[in-house]
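Under our numbering, the first residue of the sequence shown carries the number 382, and numbering increases by one thereafter.
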Amino acid sequence: MLEGKMNDYSIRKKLAVFYVCCVLLPLFVTDSVILVMLYRTEMAEKSREMQNIADAVEMELTYSFKEAVKVVNSFYLNRSVNEFLEQEYDAPLDFYTAATEISERNFYEVGTGVSGIVLCADNDTIVNGGHYYRLSSVKDEEWCRKLLDSNHDVAVQFYYVGEKNPAAAISRKISVVRRLNYYGEQKKEKIIRLDLDYSAMAIRLSGMQYNIPFYVCSGDRIIFSNAAGYSSTK
Numbered sequence: 382m383l384e385g386k387m388n389d390y391s392i393r394k395k396l397a398v399f400y401v402c403c404v405l406l407p408l409f410v411t412d413s414v415i416l417v418m419l420y421r422t423e424m425a426e427k428s429r430e431m432q433n434i435a436d437a438v439e440m441e442l443t444y445s446f447k448e449a450v451k452v453v454n455s456f457y458l459n460r461s462v463n464e465f466l467e468q469e470y471d472a473p474l475d476f477y478t479a480a481t482e483i484s485e486r487n488f489y490e491v492g493t494g495v496s497g498i499v500l501c502a503d504n505d506t507i508v509n510g511g512h513y514y515r516l517s518s519v520k521d522e523e524w525c526r527k528l529l530d531s532n533h534d535v536a537v538q539f540y541y542v543g544e545k546n547p548a549a550a551i552s553r554k555i556s557v558v559r560r561l562n563y564y565g566e567q568k569k570e571k572i573i574r575l576d577l578d579y580s581a582m583a584i585r586l587s588g589m590q591y592n593i594p595f596y597v598c599s600g601d602r603i604i605f606s607n608a609a610g611y612s613s614t615k
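Structure follows, in structure tokens:
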């Protein structure tokens with residue numbers, strides 16, 4: 382049937398059909414296959430690049446948090462620190478003397494990347510200030526309330542300070558918070574909060590000169606990013 386129809390065509394039409402079927406159509410199919418293969422290769426390469434960036438950022442954050450957790454655990458396992466927080470003091474001077482000794486023995490090895498350490502205890506003889514606070518004075522703060530309301534002994538928390546105080550500069554905080562409950566015979570509630578140096582972490586991560594922006598998120602909040610226009614104050 383097809384041969385009969387072709388016999389009715391003029392030479393020009395036959396040449397046109399031949400050109401379309403034997404030249405253009407195979408060329409179109411071949412080019413389409415090549416384009417699909419190139420697209421898939423490009424997407425796979427881009428996916429690998431994105432995964433490599435994500436892995437690099439993860440390694441940087443993991444190292445920072447591992448170092449922080451190591452410091453927190455050293456306080457967690459330190460009996461003298463726990464006993465110091467449990468001790469009832471007869472006078473503020475007694476507490477200050479004991480606190481000075483504890484600080485000299487335990488705060489010199491906290492390492493870089495840590496902006497502060499706070500130890501809290503349910504002990505009314507503690508004098509608030511520096512590294513030490515009564516638990517009653519901080520229990521309504523976000524970082525403390527979240528830990529006390531949870532069933533966890535340790536947590537990493539992202540929050541702001543200064544939001545409720547118009548006179549204070551609002552700044553971001555990243556803290557590793559842990560209950561100090563290793564020694565079961567001790568009865569007072571005790572917590573340690575280690576603050577990581579957010580600015581230093583942000584500078585290190587934003588200094589990763591990748592051509593693809595990355596975002597480190599906690600829920601719907603951006604914690605870190607190297608994207609243009611991003612700043613640590615936003």
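Virtual Cβ for every residue (Gly too), placed ideally from N, Cα, C.
Beta carbon of Ala449, beta carbon of Leu577: below 7 Å? Start at 1 with the first residue of the sequence shown, and residue 449 comes out as number 68. Start at 1 with the first residue of the sequence shown, and residue 577 comes out as number 196. Result yes, Cβ atoms of Ala449 and Leu577 sit closer than 7 Å.
Nearest by alpha-carbon distance to Met431: which of Tyr596, Tyr563, Arg553, Leu561 is it? Counted from its first residue, the sequence shown places residue 431 at position 50. Across the set Tyr596, Tyr563, Arg553, Leu561, the C-alpha of Tyr596 shows the shortest separation from the C-alpha of Met431.
Is DSSP giving Gln432 helix, strand or coil here? Along the sequence shown, read from residue 1 onward, the residue named residue 432 stands at position 51. The answer is helix: DSSP assigns Gln432 an H, G or I state.
Exposed or buried, what is Arg559 when buried is set at 16 or more other beta-carbons lying within 10 Å of its beta-carbon? Translated into positions along the sequence shown, residue 559 becomes position 178. Buried, because 16 or more other Cβ atoms sit within 10 Å of the Cβ of Arg559.
Tyr457 and Tyr563 closer than 7 Å at C-beta: As a working note, residue 457 is residue 76 in the sequence shown. As a working note, residue 563 is residue 182 in the sequence shown. A Cβ-Cβ contact shorter than 7 Å links Tyr457 with Tyr563.
Which of the three DSSP states, helix, strand or coil, is assigned to Lys554? Numbered from its first residue, the sequence shown carries residue 554 at position 173. Note: Lys554 maps to strand in three-state DSSP.
Using a Cβ distance threshold of 8 Å, determine whether the segment 408-427 contacts the segment 503-522, with at least three qualifying pairs required. Judged by Cβ distances under 8 Å, the segment 408-427 makes no contact with the segment 503-522, as fewer than three pairs qualify.
Nearest to Arg486 (by Cα), restricted to the options Phe446, Tyr579, Asn459: In the sequence shown, counting from the first residue as 1, residue 486 sits at position 105. Of Phe446, Tyr579, Asn459, the residue nearest in Cα terms is Asn459.
Does the segment 459-470 touch the segment 492-507, meaning 3 or more C-beta pairs lie closer than 8 Å? The segment 492-507, when compared against the segment 459-470, does touch it at the 8 Å Cβ threshold.
Among Ile434, Met418, Ser455, whose alpha-carbon lies nearest the alpha-carbon of Leu575? On the sequence shown, position 194 is the one that residue 575 refers to. Checked all of Ile434, Met418, Ser455; the closest Cα to Leu575 is Ser455.
If you follow the beta strand (DSSP E) that Tyr470 is in, where does it begin and where does it stop? What you label residue 470 is simply residue 89 of the sequence shown in a count that begins at 1. Here Tyr470 belongs to no beta strand (DSSP E), and DSSP marks it neither H nor E.
Going by beta carbon distance, what residues of the same chain come within less than 6 Å of Val537, once the five residues before and after it are set aside? Taking the sequence shown and counting its residues from 1, the one referred to as residue 537 is at position 156. Same-chain partners within the cutoff: Val557.
Reduced DSSP secondary structure (H/G/I, E/B, other) of Asp412: Position 31 of the sequence shown holds residue 412. Three-state result, Asp412: helix.
Tell me the DSSP secondary structure of Phe446 in three-state form. Walking along the sequence shown from the start, residue 446 turns up at place 65. Phe446 carries a helical assignment under DSSP once its states are collapsed to helix, strand and coil.
Who does Gly497 pair with in a DSSP beta bridge? Residue mapping note: residue 497 aligns to position 116 of the sequence shown, counting from 1. Note: Gly497 sits in a beta bridge opposite Asp576.
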